[in-house]
Amino acid sequence: MLSTVEKEFAQYDQHNLWQPIYQEVKNEAAERAIDEDFSTFEAKKPVNRNKNRYRDVSPYDHSRIVLHRGDTDYINANLIEVTEASRHYILAQGPLEHTSGHFWQMVWEHKSKAVIMLNKLVENGYKKCHPYFPQSGLDEELEYEDVGLKVTLLDESYLNYYVVRKIELEDMESGDTREVLHYNYITWPDFGVPSSPHAFLNFLMVVRQTGALDSAVGPPVVHCSAGIGRSGTFCLVDSCLVIVEKTQDMNSVDLRPLLLKMRGCRMGLIQTADQLRFSYAAIIEGGRRILANDDSTLSVLEGYMQVRYLECCIHVCTTQWNKLKSLISGIESENANLGQCNIYMVFPL
Numbered sequence: 001m002l003s004t005v006e007k008e009f010a011q012y013d014q015h016n017l018w019q020p021i022y023q024e025v026k027n028e029a030a031e032r033a034i035d036e037d038f039s040t041f042e043a044k045k046p047v048n049r050n051k052n053r054y055r056d057v058s059p060y061d062h063s064r065i066v067l068h069r070g071d072t073d074y075i076n077a078n079l080i081e082v083t084e085a086s087r088h089y090i091l092a093q094g095p096l097e098h099t100s101g102h103f104w105q106m107v108w109e110h111k112s113k114a115v116i117m118l119n120k121l122v123e124n125g126y127k128k129c130h131p132y133f134p135q136s137g138l139d140e141e142l143e144y145e146d147v148g149l150k151v152t153l154l155d156e157s158y159l160n161y162y163v164v165r166k167i168e169l170e171d172m173e174s175g176d177t178r179e180v181l182h183y184n185y186i187t188w189p190d191f192g193v194p195s196s197p198h199a200f201l202n203f204l205m206v207v208r209q210t211g212a213l214d215s216a217v218g219p220p221v222v223h224c225s226a227g228i229g230r231s232g233t234f235c236l237v238d239s240c241l242v243i244v245e246k247t248q249d250m251n252s253v254d255l256r257p258l259l260l261k262m263r264g265c266r267m268g269l270i271q272t273a274d275q276l277r278f279s280y281a282a283i284i285e286g287g288r289r290i291l292a293n294d295d296s297t298l299s300v301l302e303g304y305m306q307v308r309y310l311e312c313c314i315h316v317c318t319t320q321w322n323k324l325k326s327l328i329s330g331i332e333s334e335n336a337n338l339g340q341c342n343i344y345m346v347f348p349l
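Residue numbers for the sequence shown follow the UniProt record's numbering, so the first one is 1 and each next one is one higher.
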């Protein structure tokens with residue numbers, strides 16, 4: 001028998017109802033914001049206006065993240081708490097150049113174990129996010145003196161559709177350090193959706209396996225460009241799948257009220273009807289995996305570990321081979337005038 005979420009998906013698809021259903025969600029969320037007087041006074045202050053990437057995306061005052069050191073307490077980010085799933089997230093806009101230090105300050109102060117970035121730095125010719133994180137071959141160490149933090153790249157791995165970085169944060173005043181994982185999903189178009197839920201679900205499960213989304217650690221920081229569309233989709237799908245895991249029942253997912261509750265913490269979560277449809281599709285596929293006890297996520301992790309193992313082997317072999325070639329070169333130089341045999345007869349290159 002089909003669950004409620006599966007029946008709704010089939011009905012909305014069959015009758016082409018995604019746009020009107022999405023509009024109903026938007027209208028209901030807007031009415032609630034008025035009824036409950038969700039203010040955005042801090043975002044509108046003249047001193048804070050240039051810290052917002054988009055004029056129409058402001059953090060609600062009642063759930064905004066408040067910074068505790070430095071020259072400002074403001075950042076365009078909100079805490080989202082989903083009690084039904086025992087989940088909490090920080091949803092933020094993509095950092096601007098002059099708010100990048102504030103972003104890492106937020107990560108530090110909230111003891112976040114991971115940052116989940118769901119956009120590329122540039123999309124369709126438009127800058128969507130400042131390069132706030134260190135990258136291999138570029139700036140592998142960044143210092144944000146305005147907040148007293150140093151950000152250092154420890155490791156970087158490129159996979160098919162995402163990048164994993166291990167980053168060290170250092171409080172330059174106390175010398176305390178902390179490691180943070182940075183997951184960058186790079187195949188999700190702005191205002192669009194991935195071609196299928198499969199790759200997205202694999203990405204989500206890999207992040208989950210680290211424990212970075214668990215309530216026992218600091219809230220993960222999730223961002224795209226505005227911090228509402230792709231970020232909202234990620235958190236909605238994850239929360240619903242946690243509920244399926246806890247209850248072992250797809251009928252326990254009541255998607256629309258949950259989305260409206262999350263929109264009460266940060267405005268505009270899920271920006272398009274297509275993103276709403278994708279959320280349904282991902283929850284259905286992910287829920288079926290969970291109930292079938294599908295071990296595909298393990299194969300993804302095993303594949304990742306195999307790639308890292310091979311990369312390490314290649315690095316070690318290359319290093320040792322370069323040392324050997326250097327040794328060979330030295331021996332040949334010393335023996336050149338003695339007319340001795342070419343060492344390459346023994347060690348052919």
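Just so you know, even glycine gets a beta-carbon here, dropped at the ideal spot from N, CA and C. Model, not experiment: these values are computed from the prediction.
With respect to the alpha helix (DSSP H) encompassing residue i, which residues constitute its N-terminal and C-terminal limits?
| i | result |
| --- | --- |
| ARG266 | Element bounds for ARG266: n/a, residue is neither H nor E. |
What residues in its chain sit with their C-beta under 7 Å from that of residue i, if we drop five residues either side in the sequence?
| i | result |
| --- | --- |
| GLY284 | The residue you asked about is not Gly; residue 284 is Ile in the sequence shown. Once the five neighbours on either side are set aside, the close Cβ partners of ILE284 are VAL5, GLU6, PHE9. |
| PRO20 | none |
| CYS312 | Low confidence applies here, because CYS312 scores a pLDDT of 43, under 50, leaving its location unreliable; read the following figure in that light. No residues qualify anywhere along the chain. |
| TRP18 | TYR12, ALA273, LEU276, ARG277 |
Between residue i and the rest of its own chain, which residues show a CB-CB distance below 6 Å, the 5 nearest in sequence each way excluded?
| i | result |
| --- | --- |
| residue 351 | Absent from the structure is residue 351, since the part of the chain shown begins at 1 and ends at 349. |
| VAL147 | GLY70, GLY101, GLN105 |
| SER81 | Note on residue identity: the sequence assigns Glu, not Ser, to residue 81. Closer than 6 Å at Cβ, skipping near neighbours: HIS88. |
| GLN11 | none |
| LEU276 | TYR22, ILE270 |
| residue 353 | Residue 353 lies beyond the residue range present for the chain, which begins at 1 and ends at 349; the question has no answer from this structure. |
| PHE278 | VAL193 |
| SER190 | Just to set this straight, residue 190 is Asp in the shown sequence, not Ser. So the list reads GLU123, once near-sequence residues are dropped. |
Can you tell which of the options has its C-alpha closest to the C-alpha of residue i?
| i | options | result |
| --- | --- | --- |
| SER39 | ASP254, ASN78, HIS15, ASN27 | ASN78 |
| ALA114 | ASP13, THR210, GLN248, MET267 | THR210 |
| ARG288 | GLY264, VAL242, LEU269 | VAL242 |
| CYS265 | MET205, THR272, THR83, GLU24 | THR83 |
| ILE197 | ALA273, LEU255, TYR280, SER215 | First, the amino acid is wrong: residue 197 is Pro here, not Ile. PRO197 has its Cα closest to that of TYR280, out of ALA273, LEU255, TYR280, SER215. |
| ALA226 | VAL244, MET267, GLY218, ARG208 | MET267 |
| GLY229 | ARG263, TRP108, THR247 | ARG263 |
| THR177 | TRP108, PHE200, ASP37 | TRP108 |
| ASN27 | LEU291, ARG256, ILE290 | ARG256 |
| ARG49 | HIS98, GLU173, GLU36 | HIS98 |
| ALA85 | THR247, LEU260, SER157, GLU156 | THR247 |
| ALA33 | ASN293, HIS62, PHE234, ARG55 | HIS62 |
Excluding the 5 residues flanking residue i on each side, which residues of the same chain have their C-beta closer than 8 Å to its C-beta?
| i | result |
| --- | --- |
| ILE65 | PRO59, ILE75, ALA77, ASN78, LEU79, ILE90, ALA92, MET106, HIS110 |
| HIS15 | none |
| ASN52 | ALA43, SER58, ASN76, GLN93 |
| GLU141 | PRO134, LYS150, VAL151, THR152, LEU153 |
| GLY339 | Any reading at GLY339 must be qualified, since the residue scores a pLDDT of 45, below 50, and its modelled position is unreliable; the value itself is stated next. Excluding positions up to five away in sequence, the list is empty. |
| SER215 | SER86, ARG87, HIS88 |
| LYS128 | GLY94, ASN119, LYS120, LEU121, VAL122, ASP190, CYS224, SER225 |
What does residue i pair with, by DSSP beta-bridge criteria?
| i | result |
| --- | --- |
| GLY218 | SER112 |
| GLU179 | GLU168 |
| SER157 | VAL164 |
Tell me the residue span of the beta strand (DSSP E) that contains residue i.
| i | result |
| --- | --- |
| ILE186 | ILE186 -> no beta strand (DSSP E), and no H or E assigned at all. |
| ASP171 | 162-171 |
| GLU285 | Not the beta strand (DSSP E): GLU285 falls in the alpha helix (DSSP H), residues 273-291. |
| LEU201 | Segment 197-209 is the alpha helix (DSSP H) holding LEU201; no beta strand (DSSP E) there. |
Let me see if you follow: with CB-CB separation under 9 Å, is residue i close to chain D or not?
| i | result |
| --- | --- |
| VAL147 | No chain D is present in this structure, which holds just one protein chain. |
Worksheet item: Going along the chain, which unbroken runs of the alpha helix (DSSP H) with 4 or more residues stay wholly within the region 7-95?
Response: 18-35, 41-44
Worksheet entry | In chain order, each alpha helix (DSSP H) run of at least 4 residues that lies wholly inside the region 220-262 | 230-247
Item to complete: Entirely within the region 117-154 and at least 3 residues each: give me those beta strand (DSSP E) ranges in chain order.
Response: 141-144
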